[in-house]
Each structure stands twice: as structure tokens, then as C-alpha cells.
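Notes to accompany the following structure.
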Amino acid sequence: MWQALYDNLEQTVAVILFGIGFTILLLQRNLIRKIIGLNIMSTATYLFLASMGYIQGRKAPIVTDGVTDLAAYINPIPAGLVLTGIVVSVSFTGIMLALTVRLYRRYRTLDIDQIALLAKGEDMA
Amino acid sequence: MSKRRSDWEQRPQARFLRWMRDGYGALDDQITTSISQPAAPRPDQEAMEAHDILVGTHRHERELALDRLAHYDLQNWANTRGRKVLGRLYAVLALLLGLILIYFLLNTVAFMPRFASADVPANNEVIARYVEKGLEETGAINIVAGMILDYRAFDTLGESTVLFIAACAVLILLRIDLDDHGQPMQQLIAEESDDRHYEPKNDRILQGSAMVLTPIILLFGIYVLFNGHLGPGGGFSGGAILSSGLILYLNAFGFQKAGRFFTYKIFMWVSFFSLGFYGVAKAYSFYMGANGLHSGIPLGTPGAILSSGLIMPLNIAVGLVVACTMYIFYALFRKGGL
Amino acid sequence: MSFVKIALLGMLIVCALGVSFTRNLLTSLIVYMAYSLMMAVIWMLLESPDLAITEAAVGAGITSVLFFVTLKKIHAIKGDKDHEQAQK
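Residue numbers (my numbering), protein chains in the order written: chain D, 5 to 129; chain B, 2 to 339; chain E, 19 to 106.
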């Protein structure tokens with residue numbers, strides 16, 4: 005198993021990064037750090053996906069000298085999927101940061117536990 | 002034999018022994034010792050019966066009071082000291098969950114096909130079609146750009162829509178509307194109103210370098226955008242680079258000067274028309290293709306800049322949407338509007 | 019496996035851990051920016067130049083700039099006079 009993990013080193017590291025990002029999302033109390041953890045999770049997923057496309061000894065999928073042979077280029081499909089994903093991740097980061105600014109304006113703190121307490125206090129009052 | 006200290010009853014060892022023996026907490030101890038007074042002896046029978054009834058009521062009430070105090074005590078503990086204990090328990094469990102997740106995923110990775118090998122199940126006939134016929138069917142030299150803007154153009158339309166919706170959502174959350182007299186309509190805190198009139202301090206280094214860098218960055222962005230089908234790049238990266246140049250200009254020279262060429266109306270119309278043009282052009286292409294008709298868009302010679310049919314205009318459309326979205330994000334965060 | 023690739027992947031994990039272990043919010047942002055940039059170099063080593071240029075422009079550019087502006091709005095940058103006023 006260790007040899008298989010060392011052979012797929014990118015995928016191993018991507019999976020470890022996913023777990024680290026998830027733990028940051030759960031454990032940190034500051035909202036900004038939670039958002040950074042979510043971004044780490046998403047980039048780890050893109051690394052996992054795009055490392056499926058790499059083939060040893062072949063070049064990037066840009067046609068050079070008119071060679072359109074299948075055996076000269078890597079797999080272009082995962083790169084296309086990840087390209088969409090990167091842009092979607094920046095849009096949801098923007099929305100989350102806007103929500104953080106509004107929460108700060110309302111509750112004057114960034115600690116998620118205190119915000120939950122204050123919100124519950126407002127509900128009961 | 003050691004003499005017991007005079008404050009033995011309050012020491013932690015004594016409390017612990019008492020807790021082990023009886024199971025009471027400290028507060029319960031105080032309540033029990035304060036409430037249980039020794040009953041005074043009554044001489045005659047009625048007085049004794051009355052006293053018994055009274056003691057029974059007292060005992061019942063005392064038990065009720067003890068219950069209520071224990072409940073209150075539990076709530077109190079959960080709110081003050083229990084929070085620390087539960088917080089530590091949550092941290093330990095979260096860490097354990099993360100480690101278990103990593104372990105299971107690593108087990109899965111051990112069974113994945115070998116990295117960088119050519120005979121994985123992901124290399125099937127789809128990529129054979131894209132790579133071998135890609136150049137003659139789409140005319141794009143960059144196979145990835147040809148794939149996301151010709152074979153899989155629907156995904157790119159969905160993703161541009163996601164960007165547009167994100168810009169709308171941030172507009173709703175952060176925009177500060179002005180009424181007719183130029184006063185903000187919402188309630189602002191003091192720092193917000195100070196931030197809205199933010200103009201730069203005319204920093205010499207920043208303005209000097211922005212004067213040199215901004216045209217270079219904008220030119221590079223336009224180059225990446227226009228050559229999306231000939232080399233790496235395309236709509237998303239070109240749009241992001243364009244917006245970086247505009248944000249640098251905005252930071253260095255302020256909102257007044259940037260408002261001379263990029264107003265809110267321009268942002269609205271450019272985003273709307275780019276997305277609309279993308280939808281109409283691709284709808285035409287899909288309609289022609291689905292009915293077996295030959296679409297009249299020429300493919301040109303591969304390698305020239307005006308080639309590959311619709312890919313260059315679509316690249317420009319996507320790039321403009323991306324640039325406008327990123328710029329409006331920044332302006333909304335900074336000032337609450339354009 | 020080349021040494022550069024192993025070193026970059028190791029630095030990715032170090033950066034991801036470093037985000038949670040720093041006290042200052044600004045520091046964790048800059049570590050995240052470095053993480054993004056190293057990810058862009060790894061895309062280049064995996065022969066995807068489209069992804070590399072997009073990740074460099076978007077991850078280390080736009081997302082980090084948005085984070086910085088949010089930090090300014092919530093008065094979390096030390097040394098700013100708004101931060102001292104917010105601490106009172």
C-alpha cells in the first residue's frame with residue numbers, strides 16, 4: 005500500500021489537503037479562517053481531478069507542428085472541468101466574504117460561537 | 002499521627018472524598034447544609050402532628066427546591082464551565098473525524114490506477130475524438146479551449162451564469178443605495194460612511210508604478226483573451242488579468258478618476274450583452290447542428306488569429322463577464338457601489 | 019519522481035497547516051496566497067498551462083485581494099487606526 009501511495013503522490017497529497025481543509029473548517033472559530041479552509045478543500049479537489057489527466061512523456065494539449073496524434077498529448081478533459089471549477093470557487097468565496105462583512109456589521113464579532121449566542125438571544129427576546 | 006488542618010472541610014481533598022462518598026457537588030453541599038436545620042422538639046401531640054405536617058411540607062418543598070436548583074445548576078454549568086469541557090470534547094472529536102476521513106480516502110487512493118500511465122479507464126474514445134478531430138472540427142489549436150467553447154459550450158454558459166448570479170448576490174448584500182439627495186438610504190455605522198468617501202492619499206510610489214504597469218497589464222490581458230484559441234489562456238484567465246489591471250488603477254487613482262470610463266451603467270450593459278450574445282450565438286450553433294444544417298461560420302486556417310469560427314467572440318464575451326464581475330466585487334467591498 | 023515536485027507537494031501541506039497555526043489573520047492570508055502560487059506551479063508541472071495561468075490570476079490574485087479588502091472592512095489589520103478604535 006505504501007508503494008501505491010508513493011506512486012500516486014499527487015493524489016495522496018490532494019487527499020491529505022482535503023482532510024486538513026475539512027478539519028480547519030470544523031475546528032477554527034474565526035469566520036475568515038473557515039473560509040480559507042473551504043478554499044483549501046476545493047483546490048485539493050481540483051488537484052486530485054487534474055492529476056488524472058497526466059500521462060508520462062506526453063505534452064500539453066496544444067497542437068504543435070500539425071501533429072494530431074492521440075499519443076502525443078495528455079488527456080484534456082479533466083483540465084476543462086477544473087477550469088470551470090476554479091472560477092466557480094472564486095464566485096462562492098466572494099459571496100461568503102460579503103456575508104462575513106454583513107455579519108460583522110451586525111454583531112461586531114467574528115467568532116462563530118458568539119454570533120450563534122447573540123442570534124439565539126435575539127430570537128428568544 | 003498528623004493533625005488535621007482547621008480548614009479541612011474546604012480543602013479539595015475533603016471535597017473529593019465527600020464527592021466520592023456521597024456524590025454531591027459543592028453547591029449541593031451548601032444547599033443541603035443550609036436548608037437542613039435540626040427540628041426543635043415539641044412537647045404535646047397536636048403540636049407534634051402539626052409539626053410533622055409542617056416538616057413534611059417543608060421536606061417536599063425542599064426537595065422541589067433542590068430539584069430546581071440542580072436544574073439551574075446544570076444550566077449554569079453548561080453555560081459557564083461546561084462550555085470549556087464541551088468545547089474540548091468537540092475539538093477532540095473534530096480532529097478524530099478529520100483523521101478518519103484522511104485514512105479512508107488514503108485507502109481509496111491506494112486502489113486508484115497508477116498515476117501517469119496511459120491505459121487508465123479515463124482515456125477512452127471521447128478523448129480520441131477530441132484530440133484527433135479537434136483541430137479540423139473546431140479549428141482551435143488549443144484543444145482545451147476548443148473543448149470548453151465548442152464541444153462542451155453549455156458548461157461554460159452555466160459557469161458564466163454562476164458568475165453573474167454571484168455578482169447579483171454580492172450587489173444585494175453590499176450595495177448602499179443613494180436617494181435623490183445623495184444620502185445613503187440604509188443605516189450606516191460610522192466607519193462605513195467614512196469609508197464611502199475614500200479617495201487615495203496620492204501616494205507617489207503607487208501612482209508612479211500604476212501609471213507604468215496598468216497599460217502593460219491591460220495589454221497583456223487583451224493578448225491572452227484574443228489568443229485563447231492559439232495558446233494557453235482563454236476567457237477566464239484573460240478576464241481575471243483585465244480585472245487585475247482595472248483594480249490596480251482604481252486603487253492608485255481613486256473612484257472619481259475610474260468613474261470616468263467605468264460606470265455602473267457600463268458594467269450592467271457589458272455583462273448583460275456579453276451573456277446574451279453568448280447564449281444567442283451558441284443557440285444558433287446548436288440549432289444548426291441539431292438539424293444537420295451547416296452553420297455558415299467559417300473556420301479559417303488554423304494558426305491565424307481570425308480562425309476557429311465562434312471561439313474568439315465567445316472567448317471575448319466570457320472574458321468581459323469575468324472582468325466585470327471581479328471588478329464589481331472589488332468596488333462593492335470597497336465602497337458599496339460604483 | 020523529481021525532487022522539485024516532492025518539495026512543492028510537501029510545501030503545500032506545510033502551508034495548509036500554517037494557515038491554522040498563526041495568530042494574525044493577515045499572516046494566514048499571505049500563507050494562503052503562497053499556497054495558491056505553489057499550486058499554480060504544480061499545475062505547470064502537470065502539463066496544464068491553462069490551469070496554471072487561471073489559478074495564478076484568480077487564486078493568488080482576485081481571491082486574495084477580496085480577502086484583504088474584507089479584512090480592511092472588519093478592521094482586523096493591526097496597526098491601522100480603525101483597528102485600534104475597534105479594539106476599544
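Glycine included, C-beta positions come from ideal geometry on N, C-alpha and C.
Bear in mind the structure is a predicted one, so any value in this text is a computation, not a measurement.
Between the alpha carbons of Gly89 (chain D) and Leu179 (chain B) lies a gap of roughly 36 Å.
In the DSSP assignment, the residues bridged to Tyr77 (chain D) are D:Lys63. For Lys91 (chain E), the nearest beta carbon of chain B is closer than 9 Å to its own beta carbon. In this structure, the beta-carbon distance from Ile59 (chain D) to Ile144 (chain B) does not fall below 9 Å. Membership of Met212 (chain B) in the alpha helix (DSSP H) is indicated by the continuous run Arg205 to Phe227.
Between the alpha carbons of Phe273 (chain B) and Lys202 (chain B) lies a distance of about 35 Å. Sequence-distant Cβ neighbours of Arg33 (chain D) in its own chain, meaning closer than 7 Å and more than five residues away, are Asp115, Ile116 and Asp117. Straight across, the Cα-Cα distance linking Leu87 (chain B) with Ile119 (chain D) is about 18 Å. Proximity of the region 37-47 of chain E to the region 255-265 of chain B falls short of the contact definition, fewer than three beta-carbon pairs being nearer than 8 Å.
Residue contact check for Ile24 (chain E) against chain B: no CB pair falls below 9 Å.
Judged by DSSP secondary structure, Phe330 (chain B) falls within the alpha helix (DSSP H) whose first and last residues are Ile312 to Arg335. The same chain holds no residue with a CB closer than 8 Å to that of Gly277 (chain B) once the five nearest residues on each side in sequence are set aside. Secondary structure note for Lys85 (chain B): its alpha helix (DSSP H) is the uninterrupted segment Arg82 to Val110.
Sequence-distant Cβ neighbours of Leu307 (chain B) in its own chain, meaning closer than 8 Å and more than five residues away, are Gly301 and Met313. The residues Leu226, in chain order, have a CB closer than 7 Å to that of Ile317 (chain B) in the same chain once the five nearest residues on each side in sequence are set aside.
Per DSSP, the continuous alpha helix (DSSP H) segment holding Pro67 (chain E) begins and ends at Pro67 to Ala75. Taking 9 Å as the CB threshold, Ile217 (chain B) stays off the interface with chain E. For Glu73 (chain E), same chain residues with a beta-carbon under 7 Å away, outside a window of 5 residues either side, are Ser54, Met57, Ala58 and Trp61 in chain order. Distance from the CA atom of Glu137 (chain B) to the CA atom of Ser296 (chain B), rounded to whole angstroms, is 15 Å. Distance from the Cα of Leu84 (chain E) is smallest, within the candidate group B:Gly337, B:Asn125, B:Phe330 and B:Leu251, for B:Phe330. No Cβ-Cβ contact shorter than 9 Å links Tyr250 (chain B) with Leu339 (chain B). Neighbours of Pro233 (chain B) in chain E, taken as residues at a C-beta separation under 7 Å, are given in chain order as Pro67, Asp68 and Ile71.
In the three-state reduction of the DSSP assignment, Asn77 (chain B) falls in the helix class, which pools H, G and I. In this structure, the beta-carbon distance from Ser244 (chain B) to Cys325 (chain B) falls below 9 Å. For Gly79 (chain E), the chain B residues whose C-beta falls within less than 7 Å of its own C-beta are Ala241 and Ser245, listed in chain order. Counting only Cβ-Cβ distances below 7 Å, Tyr58 (chain D) has contacts in chain E at Leu64 and Glu65, in chain order. A Cβ of chain E is located within less than 9 Å of the beta carbon of Thr97 (chain D). Separation of the CB atoms of Lys283 (chain B) and Leu207 (chain B) is rounded to 42 Å, and the pair is thereby denied contact status at 8 Å. Within its own chain, the residues whose Cβ lies closer than 7 Å to the Cβ of Ala34 (chain E), once the five positions on either side in sequence are excluded, are Tyr53, listed in chain order.
Counting of Cβ neighbours within 10 angstroms places Pro299 (chain B) among the exposed residues, the total staying below 16. Going by DSSP, Tyr53 (chain E) is part of the alpha helix (DSSP H) stretching over Leu43 to Leu63. Counting only residues of its own chain and dropping the five nearest sequence neighbours on each side, Leu65 (chain B) has no CB closer than 8 Å to any other CB. Restricting attention to D:Ala64, D:Leu121, D:Gly41 and D:Ser55, the CA atom closest to the CA of Glu65 (chain E) is found in D:Ala64.
A Cβ-Cβ separation of about 7 Å places Ser55 (chain D) in contact with Phe116 (chain B) under the 8 Å criterion.
With a threshold of 9 Å between beta carbons, Asn143 (chain B) makes contact with chain E. The beta carbon of Thr49 (chain D) sits closer than 8 Å to those of Ala18, Phe22 and Gly89, all from its chain and outside the five residues before and after it, given in chain order.
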